[in-house]
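Enquirer:
Protein chains: 2
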Amino acid sequence: MVNNVTAELRQPGPDDGVMGRVGRFANRDAWTAEMSCSIERALELVGTRSAVILMREAFLGAHRFEDLARHTGLSDALAAKRLKKLVEGGLLTQRPYREPGSRTRMEYVLTDQGRAFFPVLVAMMRWGDQLENSTAPIELLHSGCGKRLDIAVKCAAGHVVSSEQTDATIRTRPKADSQP
Amino acid sequence: MVNNVTAELRQPGPDDGVMGRVGRFANRDAWTAEMSCSIERALELVGTRSAVILMREAFLGAHRFEDLARHTGLSDALAAKRLKKLVEGGLLTQRPYREPGSRTRMEYVLTDQGRAFFPVLVAMMRWGDQLENSTAPIELLHSGCGKRLDIAVKCAAGHVVSSEQTDATIRTRPKADSQP
DNA sequence: CTGCTGAGTTTGCTTCTGTCTAGTCAATGT
DNA sequence: ACATTGACTAGACAGAAGCAAACTCAGCAG
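Here the protein sequences come in this chain order: A and B.
In terms of my numbering, the first sequence opens at residue 1 and continues consecutively.
In terms of my numbering, the second sequence opens at residue 1 and continues consecutively.
#1: Hey, is the stretch 161-172 of chain A in contact with the stretch 138-147 of chain B, meaning 3+ C-beta pairs nearer than 8 Å?
#2: Taking DSSP as the reference, what is the three-state secondary structure of Leu68 (chain A)?
#3: If we count Cβ pairs, one from each stretch, closer than 8 Å, do we get three or more for the stretch 31-46 of chain A versus the stretch 33-53 of chain B?
#4: Of the residues B:Ala77, B:Leu68, B:Gly101 and B:Leu60, which one's Cα is nearest the Cα of Asp167 (chain A)?
#5: Taking Cβ positions only, does Thr186 (chain A) come closer than 8 Å to chain B?
#6: Within a Cβ cutoff of 7 Å, which residues of the same chain sit near Gln165 (chain A), ignoring the five residues on either side of it in sequence?
#7: How about Leu68 (chain A) and Ala62 (chain A): are their beta carbons less than 8 Å apart?
#8: Between Val87 (chain B) and chain A, is any beta-carbon pair separated by less than 8 Å?
#9: Would you tell me roughly how many angstroms separate the C-alpha atoms of Arg148 (chain A) and Met124 (chain B), rounded to the nearest one?
#10: Quick check on the DSSP output: the alpha helix (DSSP H) that includes Lys81 (chain A) runs from which residue to which?
#11: Is the shortest distance between the beta-carbon of Ala65 (chain A) and the beta-carbons of chain B less than 8 Å?
#12: One question on the structure: do Arg171 (chain A) and Glu57 (chain B) come within less than 8 Å of each other, judged by their Cβ atoms?
#13: Measuring CA to CA, which of A:Ile39, A:Asn27 and A:Ala33 is closest to Asp129 (chain B)?
#14: Which term fits Gly17 (chain B), buried or exposed, when burial requires 16 or more other beta carbons within 10 angstroms of its beta carbon?
#15: So, under 8 Å CB-CB, Phe118 (chain B) and Val153 (chain A) are touching, yes? Tell me the CB distance rounded to an integer number of Å.
#16: Listing by chain order, which chain A residues have their CB less than 9 Å from the CB of Met106 (chain B)?
#17: Taking 8 Å as the CB-CB limit, is Ala123 (chain A) close to chain B?
#18: Can you find a C-beta in chain A that's less than 8 Å from the C-beta of Gly101 (chain B)?
#19: Answer yes or no: does any C-beta atom of chain B fall closer than 8 Å to that of Ser75 (chain A)?
#20: With distances taken from CA atoms, which of B:Leu121, B:Arg82, B:Ala33 and B:Pro137 is nearest Thr93 (chain B)?
#21: May I ask which residues mark the beginning and end of the alpha helix (DSSP H) holding Ala51 (chain A)?
#22: Going by the beta-carbon positions, is the gap between Thr104 (chain B) and Arg95 (chain B) smaller than 8 Å?
#23: Please classify Glu107 (chain A) as buried or exposed, where buried requires at least 16 other C-beta atoms within 10 Å of its C-beta.
#24: Can you grab the Cα-Cα spacing for the pair Ala26 (chain A) / Met19 (chain A), in whole Å?
#25: Quick one: which chain B residues come within Cβ less than 9 Å of Ala152 (chain A)?
#26: Taking DSSP as the reference, what is the three-state secondary structure of Glu107 (chain B)?
#27: Whole angstroms are fine: how far does the CA of Ala33 (chain A) sit from the CA of Ala156 (chain A)?
#28: Buried or exposed: which applies to Thr72 (chain B), given that a residue is buried once 16 or more other Cβ atoms fall within 10 Å of its Cβ?
#29: Using only the alpha-carbon positions, how far apart do Thr169 (chain B) and Cys37 (chain B) sit?
#30: Apart from the five residues on each side of it in sequence, which residues of its chain come closer than 6 Å, Cβ to Cβ, to Ala208 (chain A)?
#31: Within the stretch 105-164 of chain B, note down every full alpha helix (DSSP H) run reaching 4 residues or more, in order along the chain.
Here it is in structure tokens:
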């Protein structure tokens, strides 16, 4: 069972969840992560527990420093540091607000780039739901119809795609044309 | 523009990507993360850069220790430590294999739980693609039709759902019935 | 003028993440 | 018999991540 039916076009694993690799990527050694993997770039911004749970709270509606710090359980010092990094990274932006009888302060709101992080958060939550001894404390529902949220990996043609049905390749063109 | 059209049923932010909160969760203070958030449970297993990029390589077809270590660029020591944790966490499992003229060794293959991590990886990759100065080196294609992969947040009824159209609530029942 | 509050910053400390070098251990090649 | 190789383990270290407690700073309440 160690791959004796190999070699057609892609060279997949036995029946594991492994993707195929095509094009220049058929030889995995043609690519090193230092050539900048999108996943690693993402991790530079949200590769810590504190960053992710602050984003969770931002989506849950926390804007003010105190709420963000308290709801995440982070220390003030770390919350401040991480929020600064999230602002620098363009996931959050600061917006002045003023409560009556108080000076102007800054609140943290999601930018477009921060909002685009939503699928990652949902994917992580759904995956975490499936783990052992999970009681899934938070549930996400579509406010339109009340049904539970889930994520789906799909191709541009609308097919639901598993990892086995996925081919990885190396993009050569900058990013002009649409689909091969 | 600081929330003067508030209060209907949910209490959303202005027009930020903020979710609504309903039920017991309408009061955010009714929930603390120590009550075990799925996201935080997920982060305990894959909350480090090394864990995530090892999973990336597992999906890209690396099974053997040397490939996993070299392709991720991690040191042997860290690769060994992290792989052990991923095995303990149930994302990978060890399977004996034997190359001709060599002793029996262990290779690392994805478990069902590891395969279920695929959407998280795709979501992170797609989000990373959208960042500044991204050249999106790896591209994922549906091997069936060749179209590019993407992720979608949908509800059980099939509607595409944005964070604004999402309500968060606290699950009270263990996890028996299907949909509210 | 004094105290209080919200939003931080600073300092000191521990733990975790990660690297580098060296060493182990089994089996095969020479 | 000896060196080699793949897959690790052990030890020493730098640097981030994280905490707790104390400090700052602006403006409002008294």
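Glycine included, each C-beta is placed from N, C-alpha and C at the ideal position.
These figures come from a predicted structure and were not determined experimentally.
Expert: To lay it out plainly:
#1: Between the stretch 161-172 of chain A and the stretch 138-147 of chain B there are three or more inter-stretch CB-CB distances shorter than 8 Å, so the stretches are counted as touching.
#2: Looking up residue 68 (chain A) in the first sequence gives position 68. Here Leu68 (chain A) sits in helix by DSSP.
#3: Yes, the stretch 31-46 of chain A touches the stretch 33-53 of chain B.
#4: Here the question's residue 167 (chain A) lines up with position 167 in the first sequence. Minimum Cα-Cα distance from Asp167 (chain A) among the listed residues B:Ala77, B:Leu68, B:Gly101 and B:Leu60 corresponds to B:Leu60.
#5: The displayed coordinates of chain A run from 1 to 180. Any statement about residue 186 (chain A) would go beyond what the structure contains.
#6: Along the first sequence, read from residue 1 onward, the residue named residue 165 (chain A) stands at position 165. Counting only Cβ-Cβ distances below 7 Å, and skipping sequence neighbours, we find nothing.
#7: As a working note, residue 68 (chain A) is residue 68 in the first sequence. As a working note, residue 62 (chain A) is residue 62 in the first sequence. For Leu68 (chain A) and Ala62 (chain A), yes; Cβs fall inside 8 Å.
#8: Position 87 of the second sequence, counted from the first residue, corresponds to residue 87 (chain B). Closer than 8 Å to the CB of Val87 (chain B) there is not a single CB belonging to chain A.
#9: Numbered from 1 along the first sequence, position 148 holds the residue referred to as residue 148 (chain A). Numbered from 1 along the second sequence, position 124 holds the residue referred to as residue 124 (chain B). Going by C-alpha positions, Arg148 (chain A) is about 22 Å away from Met124 (chain B).
#10: Taking the first residue of the first sequence as position 1, residue 81 (chain A) is located at position 81. Counting along the chain, the alpha helix (DSSP H) containing Lys81 (chain A) begins and ends at Asp76 to Glu88.
#11: What you label residue 65 (chain A) is simply residue 65 of the first sequence in a count that begins at 1. Correcting the residue identity first, residue 65 (chain A) is Phe in this sequence and not Ala. No - not a single Cβ of chain B is within 8 Å of the one on Phe65 (chain A).
#12: By one-based count along the first sequence, residue 171 (chain A) stands at place 171. By one-based count along the second sequence, residue 57 (chain B) stands at place 57. Their beta carbons are not under 8 Å apart, which means Arg171 (chain A) does not touch Glu57 (chain B) by this criterion.
#13: The sequence position of residue 129 (chain B) within the second sequence is 129, counting from 1. Checking every option, the nearest Cα to that of Asp129 (chain B) belongs to A:Ile39.
#14: As a position in the second sequence, residue 17 (chain B) is number 17, starting the count at 1. Classification of Gly17 (chain B): buried, given that the 10 Å Cβ count is 16 or more.
#15: The residue labelled residue 118 (chain B) in the question sits at position 118 within the second sequence. The residue labelled residue 153 (chain A) in the question sits at position 153 within the first sequence. Contact check for Phe118 (chain B) and Val153 (chain A): beta-carbon distance about 6 Å, within the 8 Å limit, so the pair qualifies.
#16: The residue labelled residue 106 (chain B) in the question sits at position 106 within the second sequence. Per Cβ cutoff of 9 Å: no residues; Met106 (chain B) is ~13 Å from chain A at best.
#17: Looking up residue 123 (chain A) in the first sequence gives position 123. For Ala123 (chain A), the answer is yes, since a Cβ of chain B falls inside 8 Å of its Cβ.
#18: One-based indexing of the second sequence puts residue 101 (chain B) at position 101. Not one beta carbon of chain A lies nearer than 8 Å to the beta carbon of Gly101 (chain B).
#19: As a first step, residue 75 (chain A) must be located in the first sequence, where it is residue number 75. Judged by the 8 Å Cβ criterion, Ser75 (chain A) is not in contact with chain B.
#20: Reading the second sequence from its first residue, position 93 is the one you call residue 93 (chain B). Comparing Cα positions, the closest option is B:Arg82.
#21: Here residue 51 (chain A) is taken as the residue at index 51 of the first sequence, counted from 1. That run of the alpha helix (DSSP H) goes Arg49 to Phe59.
#22: In the second sequence, counting from the first residue as 1, residue 104 (chain B) sits at position 104. In the second sequence, counting from the first residue as 1, residue 95 (chain B) sits at position 95. Arg95 (chain B) is positioned such that its CB atom lies no closer than 8 Å to that of Thr104 (chain B).
#23: Start at 1 with the first residue of the first sequence, and residue 107 (chain A) comes out as number 107. When all chains shown are included, Glu107 (chain A) counts as buried.
#24: Locating residue 26 (chain A) in the first sequence gives position 26, counting from the first residue. Locating residue 19 (chain A) in the first sequence gives position 19, counting from the first residue. Ala26 (chain A) and Met19 (chain A) have their C-alpha atoms some 11 Å from each other.
#25: What you label residue 152 (chain A) is simply residue 152 of the first sequence in a count that begins at 1. Neighbours of Ala152 (chain A) on chain B, chain order: Pro119, Ile151, Ala152, Val153 and Lys154.
#26: One-based indexing of the second sequence puts residue 107 (chain B) at position 107. Reduced to three states, the DSSP call for Glu107 (chain B) is strand.
#27: On the first sequence, position 156 is the one that residue 156 (chain A) refers to. On the first sequence, position 33 is the one that residue 33 (chain A) refers to. Their backbone Cα atoms lie some 26 Å apart in a straight line.
#28: Within the second sequence, the letter at position 72 stands for residue 72 (chain B). So Thr72 (chain B) counts as buried.
#29: The residue labelled residue 169 (chain B) in the question sits at position 169 within the second sequence. The residue labelled residue 37 (chain B) in the question sits at position 37 within the second sequence. Roughly 12 Å separates the two Cα atoms.
#30: Only positions 1 to 180 of chain A appear in this structure, which leaves residue 208 (chain A) out of reach.
#31: Counting only runs of 4 or more, we get 112-115 and 118-129.
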